[in-house]
Amino acid sequence: RVSITTNGKSDAMMNLTPGAAVGDDEPVMVMLAALPLLMHPEARSAAVIGIGSGISSHVLLASDSLRELDTIEIEPAMVEAARGFHPFNASVFSDSRSRIHIEDAKTFFSAHGRRYDIIVSEPSNPWVSGVASLFSEEFYRRIRRHLEPGGLFVQWLQLYEIEPLLVASVIKALALSFPNYVVYAPDDGNLIIVASEGAAVPAPLEVALRQPRLAAALARLQVRNVVDVEVMRVGSRRVLQPYFDRFPIGPNSDYFPVLDQNAARSRFMNAGAQEIAELSSMPIPAMEILGGEARQGAEVPSRPWLRRSALIHSAQKQLAYLMSGEESYLDGIPPGWRSDAQLFRHVLLECPSRGGVQTVDQLLTVAGRMLPVLSKHESAMLWQKLRDAPCPAAKLHAEWIAVLAAVDARDVRAMTLSAEPLLAPGRFAPGAHGDYLLAAAVLGRLALGDRKMALSLWHRYSPLAKSNPAGKLPEFIQAHLAAQVKN
Numbered sequence: 012r013v014s015i016t017t018n019g020k021s022d023a024m025m026n027l028t029p030g031a032a033v034g035d036d037e038p039v040m041v042m043l044a045a046l047p048l049l050m051h052p053e054a055r056s057a058a059v060i061g062i063g064s065g066i067s068s069h070v071l072l073a074s075d076s077l078r079e080l081d082t083i084e085i086e087p088a089m090v091e092a093a094r095g096f097h098p099f100n101a102s103v104f105s106d107s108r109s110r111i112h113i114e115d116a117k118t119f120f121s122a123h124g125r126r127y128d129i130i131v132s133e134p135s136n137p138w139v140s141g142v143a144s145l146f147s148e149e150f151y152r153r154i155r156r157h158l159e160p161g162g163l164f165v166q167w168l169q170l171y172e173i174e175p176l177l178v179a180s181v182i183k184a185l186a187l188s189f190p191n192y193v194v195y196a197p198d199d200g201n202l203i204i205v206a207s208e209g210a211a212v213p214a215p216l217e218v219a220l221r222q223p224r225l226a227a228a229l230a231r232l233q234v235r236n237v238v239d240v241e242v243m244r245v246g247s248r249r250v251l252q253p254y255f256d257r258f259p260i261g262p263n264s265d266y267f268p269v270l271d272q273n274a275a276r277s278r279f280m281n282a283g284a285q286e287i288a289e290l291s292s293m294p295i296p297a298m299e300i301l302g303g304e305a306r307q308g309a310e311v312p313s314r315p316w317l318r319r320s321a322l323i324h325s326a327q328k329q330l331a332y333l334m335s336g337e338e339s340y341l342d343g344i345p346p347g348w349r350s351d352a353q354l355f356r357h358v359l360l361e362c363p364s365r366g367g368v369q370t371v372d373q374l375l376t377v378a379g380r381m382l383p384v385l386s387k388h389e390s391a392m393l394w395q396k397l398r399d400a401p402c403p404a405a406k407l408h409a410e411w412i413a414v415l416a417a418v419d420a421r422d423v424r425a426m427t428l429s430a431e432p433l434l435a436p437g438r439f440a441p442g443a444h445g446d447y448l449l450a451a452a453v454l455g456r457l458a459l460g461d462r463k464m465a466l467s468l469w470h471r472y473s474p475l476a477k478s479n480p481a482g483k484l485p486e487f488i489q490a491h492l493a494a495q496v497k498n
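FYI, the numbering for the sequence shown is 12 to 498, going by the numbering used here.
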């Protein structure tokens, strides 16, 4: 294992042993370069701010289209230290397209006046002295001027040793200069923000994976197609900006340096902002429902460094067991899930002769492990099978099954039609997941553009969200309702 430490702080770490498992910083270092290449495979010029291990620059040079790469590093010792990551960064030092500049990034861009198809900003953590200015409103305004038309700006930001409030200040600063952005989480501790200087951020393209060297770099991360990339997607500006706007903090600025003033405290307090990455796995897939950001259905590998990937893998195995009854699928799901899945199938699908009990709580426990992470319609056959099942327990919960089937299909009209009647007084016991019904109904109304009814439902039944909160989902919905009122 090789690492670069600056004043005792690790700036890059990777296991260089042949055949060693992926871990440490490799996913974020590779994806910082791979994401813009997948979105803009014809890019001819790129710049990287901060050499780090040199791996991000090396992966950019895996592009057959790239003609020039400028890597800007202020500290000469970092360049020498990066040589320790050979051969995983060999191209940075040997490829004729690569140039390393020992210079302050702001000075470099101002002095050279160059424009690039891709700019990757990979500085140190913002609590390091002077670094927070590379996450400021003024920096983003300046850097946008150095993008070619259709160019992409890529920003790294950690989720460890920082609080959500400060992440929001960075996103607000970036959003002032970039009309569109998409946030990805390559692992459980980091974000990658891909921003466009003009049109919408492109989706990753399968054609880019036909480049052998890029495909080889991604293969180590078990990325074989764009579906494996989309698993890392958190959301776009359209669905995330209202959430970030709700935080009581202004954009990070050189004149109001909220990040510089508070980042060290967050580190000392060992704060964390992992909840931002988890927005893509809320109990109801609100990102897809409000943003139309549907993920394609395909088998997903279980990547230890990315919890969402592991959850999708387990959910797919659970679904396969529920549909087939094949016990071997139980080996692919966490031990704590197995008895719940077995009871679900036994009571709702196998119709035991002595009856059986399946409460709404148990029904939602099993469904809640699939619906947040599986793709649209991926479990449709299960809900149809439950509707057709003659089992008394399935008939008893037919109305709830209709709600879950609508959520699976992202059918917003069906969500409102099935959830709203169950919100009526006396239709469910106190605390019996009324928060889930409220979220389904309000999200459905928002997606339909019925702001008035969405607000009415929320004001009438909001105590349900407070009495049994479904993670960050109520806050996310409130943020979108507030944005609707503001607009």
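Using N, Cα and C, we set each Cβ at its ideal position, and we do this for glycine too.
Residue i versus residue j - alpha carbon distance
i: G460; j: H470; result: 17 angstroms
i: G65; j: A452; result: 48 angstroms
i: R257; j: G200; result: 22 angstroms
i: N100; j: I203; result: 20 angstroms
i: G209; j: R249; result: 15 angstroms
i: D81; j: A288; result: 30 angstroms
i: A305; j: S386; result: 7 angstroms
i: E310; j: Q327; result: 7 angstroms
i: V33; j: D422; result: 38 angstroms
i: A274; j: A196; result: 21 angstroms
i: R438; j: A409; result: 13 angstroms
i: F487; j: P98; result: 44 angstroms
i: S144; j: V377; result: 46 angstroms
i: N191; j: P403; result: 50 angstroms
i: R314; j: Q233; result: 8 angstroms
i: A230; j: D351; result: 35 angstroms
i: V142; j: M464; result: 46 angstroms
i: Q395; j: A416; result: 8 angstroms
i: I300; j: M25; result: 38 angstroms
Cutoff 6 angstroms; reference residue i; Cβ partners in own chain excluding five residues on either side
i: A405; result: L359 and L397
i: L317; result: D198
i: R226; result: Here the sequence assigns Ala to residue 226, which means Arg is not the residue at that position. Answer for A226: L220, listed in chain order.
i: S390; result: L330, M381 and D419
CB-CB length for residue i against residue j, believed under 8 angstroms
i: I60; j: S132; result: 5 angstroms
i: D36; j: A23; result: 5 angstroms
i: L48; j: V240; result: Contact doesn't hold; Cβ gap of about 11 angstroms is too wide.
i: R108; j: R78; result: 6 angstroms
i: M381; j: M334; result: With a Cβ gap of about 11 angstroms, M381 and M334 do not count as contacting.
i: L454; j: L434; result: The pair is not a contact, with the Cβ atoms about 13 angstroms apart (cut-off 8 angstroms).
i: P137; j: L270; result: 5 angstroms
i: L322; j: V238; result: No, L322 and V238 are not in contact; Cβ-Cβ is about 15 angstroms, not under 8 angstroms.
i: S339; j: R319; result: 24 angstroms between Cβ atoms; not a contact.
i: V70; j: A228; result: 5 angstroms
Test item: CB-CB of residue i and residue j under 8 angstroms
i: L72; j: D128; result: no
i: S277; j: E148; result: no
i: V13; j: F96; result: yes
i: M280; j: G246; result: no
i: S180; j: G261; result: yes
i: P253; j: H51; result: no
i: H112; j: I154; result: no
i: G336; j: R365; result: no
i: I10; j: S325; result: No answer is possible for residue 10: it lies beyond the span of the chain, which begins at 12 and ends at 498.
i: I182; j: F119; result: no
i: D75; j: Q222; result: yes
i: Q495; j: R462; result: yes
i: H388; j: D419; result: yes
i: A184; j: Y151; result: yes
i: V212; j: V193; result: yes
Proximal residues to residue i (C-beta, below 7 angstroms), its chain only, five neighbours per side dropped
i: E286; result: P175 and K483
i: S67; result: M40, L43, A44, V59, V131 and E133
i: W411; result: V371 and L374
i: G379; result: P294
i: A476; result: D446, L449 and P485
i: D265; result: S144, S147 and E149
Short CB-CB distance (under 8 angstroms) between residue i and chain B
i: S335; result: You won't find chain B in this structure, because it holds only one protein chain.
Nonlocal neighbours in the same chain, by C-beta distance under 8 angstroms from residue i, ignoring five residues either side
i: L46; result: V165, Y195, I203, V205, P215 and V240
i: T16; result: D22
i: K20; result: S135, N136 and V139
The ligand MN heavy atom lying under 7 angstroms from the CB of residue i
i: S76; result: Ligands displayed in this structure: none; no statement on the ligand MN is therefore possible.
* To do: Return the chain-ordered ranges of every beta strand (DSSP E) run that is complete within the segment 435–488 and spans a minimum of 3 residues.
  => Fully enclosed beta strand (DSSP E) runs of 3 or longer: not present.
* Which runs of the beta strand (DSSP E), 3 residues or longer, sit entirely within the segment 130–169? -> If we require 3 residues or more, the beta strand (DSSP E) runs fully inside the segment 130–169 come out as 158–169.
* To do: Tell me the start and end of each unbroken alpha helix (DSSP H) in the segment 274–327 that is at least 4 residues and wholly inside, in chain order.
  => Runs of the alpha helix (DSSP H) inside the segment 274–327: 297–302.
* **Unbroken stretches of the beta strand (DSSP E), 3 residues or longer, contained in the segment 170–221** => Runs of the beta strand (DSSP E) inside the segment 170–221: 191–198 and 201–207.
* Asked: What are the start and end residues of each continuous alpha helix (DSSP H) run of 4 or more residues lying completely inside the segment 32–90, in chain order?
  -> 37–50 and 66–71
* **Inside the segment 319–407 only - alpha helix (DSSP H) runs reaching at least 4 residues** => 346–359, 371–378, 391–399 and 403–407
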